[in-house]
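Offset between the sequence shown (1-based) and our numbering: plus 145.
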Amino acid sequence: MTTLAECETRDGADPLAHFRDRFALPEGVIYLDGNSLGALPRATAGHIARLVETEWGDGLVRSWNAAGWIEAPRRVGAKIARLLGAGDDEVLATDTTSVNIYKLVRAALSADPARHTILTEPGNFPTDLHIAQGIAAEDPAVRVQMAPRESIAAAAGPGTVVLLTHIHYRTGERYDLAAVTRTVRERGGIVVWDLSHSVGAVELDLARDGAELAVGSGYKYLNGGPGAPAFLYVARALQDRLHSPLTGWLGHAEPFAFADDYVAAPRIDRFMCGTPPILGLAALECGVDLHLEADMRLIAAKGQDLCDLFIELVDGKGLDLELITPRDRGARGSHVSYRHPHAYAVMQALIARGVIGDYREPEVIRFGFAPLYNTFAETWRAAEALGEVMTSGAWDKEAFRVRARVT
Ligand SMILES: *Cc1c(COP(=O)(O)O)cnc(C)c1O
Numbered sequence: 146m147t148t149l150a151e152c153e154t155r156d157g158a159d160p161l162a163h164f165r166d167r168f169a170l171p172e173g174v175i176y177l178d179g180n181s182l183g184a185l186p187r188a189t190a191g192h193i194a195r196l197v198e199t200e201w202g203d204g205l206v207r208s209w210n211a212a213g214w215i216e217a218p219r220r221v222g223a224k225i226a227r228l229l230g231a232g233d234d235e236v237l238a239t240d241t242t243s244v245n246i247y248k249l250v251r252a253a254l255s256a257d258p259a260r261h262t263i264l265t266e267p268g269n270f271p272t273d274l275h276i277a278q279g280i281a282a283e284d285p286a287v288r289v290q291m292a293p294r295e296s297i298a299a300a301a302g303p304g305t306v307v308l309l310t311h312i313h314y315r316t317g318e319r320y321d322l323a324a325v326t327r328t329v330r331e332r333g334g335i336v337v338w339d340l341s342h343s344v345g346a347v348e349l350d351l352a353r354d355g356a357e358l359a360v361g362s363g364y365k366y367l368n369g370g371p372g373a374p375a376f377l378y379v380a381r382a383l384q385d386r387l388h389s390p391l392t393g394w395l396g397h398a399e400p401f402a403f404a405d406d407y408v409a410a411p412r413i414d415r416f417m418c419g420t421p422p423i424l425g426l427a428a429l430e431c432g433v434d435l436h437l438e439a440d441m442r443l444i445a446a447k448g449q450d451l452c453d454l455f456i457e458l459v460d461g462k463g464l465d466l467e468l469i470t471p472r473d474r475g476a477r478g479s480h481v482s483y484r485h486p487h488a489y490a491v492m493q494a495l496i497a498r499g500v501i502g503d504y505r506e507p508e509v510i511r512f513g514f515a516p517l518y519n520t521f522a523e524t525w526r527a528a529e530a531l532g533e534v535m536t537s538g539a540w541d542k543e544a545f546r547v548r549a550r551v552t
């Protein structure tokens with residue numbers, strides 16, 4: 146089994162090791178929840194403070210042009226595009242993931258009168274399912290169809306918009322994006338990919354893989370801060386054929402003509418809706434810049450190395466935990482999940498020891514490995530802490546407290 150000393154040696158040889166200092170992490174905490182809320186980059190607070198004081202305070206309304214505020218969704222989108230393998234005119238940083246799912250699924254349905262079905266999988270992230278259900282509720286012609294992962298691509302047909310999360314938030318399972326996209330396209334359907342647990346965690350090449358539509362989160366691996374703007378991707382070939390259902394003024398061809406009648410902006414700009422959240426975009430840009438400064442190939446490889454190490458160490462302890470994340474590096478994202486009947490109590494006991502992962506219903510604990518700031522040594526320490534919690538009965542005491550609180 147890998148020793149702590151070996152982990153320290155790996156940290157010493159890690160080409161990304163110096164990025165850890167670029168984050169403001171609290172002392173005494175091992176943070177393994179960057180897949181839920183990414184850590185704070187050190188640059189962010191100063192950047193936001195300067196923006197607030199000078200661009201907002203001094204520049205006032207002039208900053209929409211002088212400071213490039215109006216361009217921010219496109220500028221930050223173009224940077225995210227480099228992490229997606231997309232063109233810089235194919236991505237916008239805007240709205241939330243939920244809203245972007247609505248925009249793209251609705252637009253994909255409306256683009257072809259033969260499209261009436263949203264195909265997705267049971268257990269997909271709740272917002273994906275709920276937005277799909279909402280679209281079906283407002284349009285009697287649309288129905289939501291569910292199919293299991295294994296057969297989802299084969300269940301697609303010409304009338305189908307397939308809504309899938311590339312890396313499953315609970316299990317960490319990863320779809321073969323290229324293969325699923327190809328099969329669905331061959332069958333006449335179209336896929337909307339939710340990349341919330343993928344961007345900043347694994348290598349993506351949407352252009353090579355033929356992806357047409359995608360959305361994703363800015364506050365997870367991208368470190369954009371709580372509630373950071375999300376992004377959407379529309380392949381160039383589709384942009385002028387799709388129409389956003391949220392026809393806000395900033396998606397207008399000439400927003401500053403203040404015309405009465407809506408005319409969709411050309412290209413990706415039509416997927417803008419309202420005034421962009423400049424402070425949120427500025428924080429997101431700090432997180433994205435760190436990823437561009439590093440190399441996405443190194444980031445993705447280190448994420449898999451950290452997951453492999455954690456799985457190996459936990460395996461070696463023979464704990465009563467069921468691994469539900471694939472062991473195969475290519476088949477997962479950058480988090481590792483285990484099932485246990487008292488998973489919630491196990492995670493509470495770990496958090497009390499300074500190891501912050503999270504709990505997901507039902508019975509699942511998750512450990513997210515953010516390659517820019519997590520180290521091999523802390524991965525080792527986290528596995529030790531998990532072993533101690535499981536074997537000392539600490540979780541059992543915690544479970545007792547939880548039960549006592551509930552009743
Ligand atoms: C985190 C996450 C979201 C979040 O959507 P919001 O609109 O930002 O709340 C959506 N989809 C997936 C798969 C996620 O993991």
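Even glycine gets a Cβ: it sits at the ideal position worked out from N, Cα and C.
| Asked | Found |
| --- | --- |
| Proximity test, THR272 beta-carbon vs ligand 1 heavy atom, cut-off 6 Å | yes |
| Distance between beta carbons of GLY334 and GLY302, contact taken as under 8 Å | 6 Å |
| Whether LEU252 touches LEU340 by CB criterion (7 Å) | Inspection of the sequence shows that residue 252 is occupied by Ala rather than by Leu. It is not a contact, given that the beta carbons lie outside the stated cut-off. |
| Same chain, Cβ closer than 6 Å to TRP394, neighbours up to 5 away in sequence not counted | PRO400 |
| Limits of the unbroken beta strand (DSSP E) element including THR305 | 305–310 |
| Selection from ALA515, PRO516, TYR489 that minimises the alpha carbon distance to ASP503 | TYR489 |
| N-terminal and C-terminal residue of the alpha helix (DSSP H) that GLY336 is part of | One point to set straight first is that residue 336 is Val, not Gly, in the sequence displayed. Careful: VAL336 lies outside any alpha helix (DSSP H), inside the beta strand (DSSP E) at 335–339. |
| Bridge partner(s) assigned by DSSP for HIS397 | ALA409 |
| Counted within 10 angstroms of its Cβ, other Cβ atoms place ARG511 as buried (16 or more) or exposed | buried |
| Distance between VAL360 and LEU377 (C-alpha atoms, nearest Å) | 4 Å |
| Residue interval of the alpha helix (DSSP H) (run including VAL433) | 423–438 |
| Where GLY475 falls: helix, strand or coil (DSSP) | helix |
| Of the residues MET291, VAL197, THR265, the one placed nearest LEU309, counting alpha carbons only | THR265 |
| Nearest-angstrom Cβ-Cβ length linking LEU237 and ARG219, presumed shorter than 8 Å | 6 Å |
| For ILE510, the three-state DSSP class (helix, strand or coil) | strand |
| C-alpha gap between ALA410 and GLY396, whole angstroms | 6 Å |
| Residues sharing a beta bridge with LEU482, DSSP | Inspection of the sequence shows that residue 482 is occupied by Ser rather than by Leu. Paired residues: ARG511. |
| Contacting residues, own chain, Cβ-Cβ under 7 Å from GLN449 (five flanking each side not counted) | ARG474 |
| Reference GLY173, options THR536, ALA530, THR147, ARG353, closest by Cα | ALA530 |
| Cβ pair LEU185, LEU443 closer than 7 Å | no |
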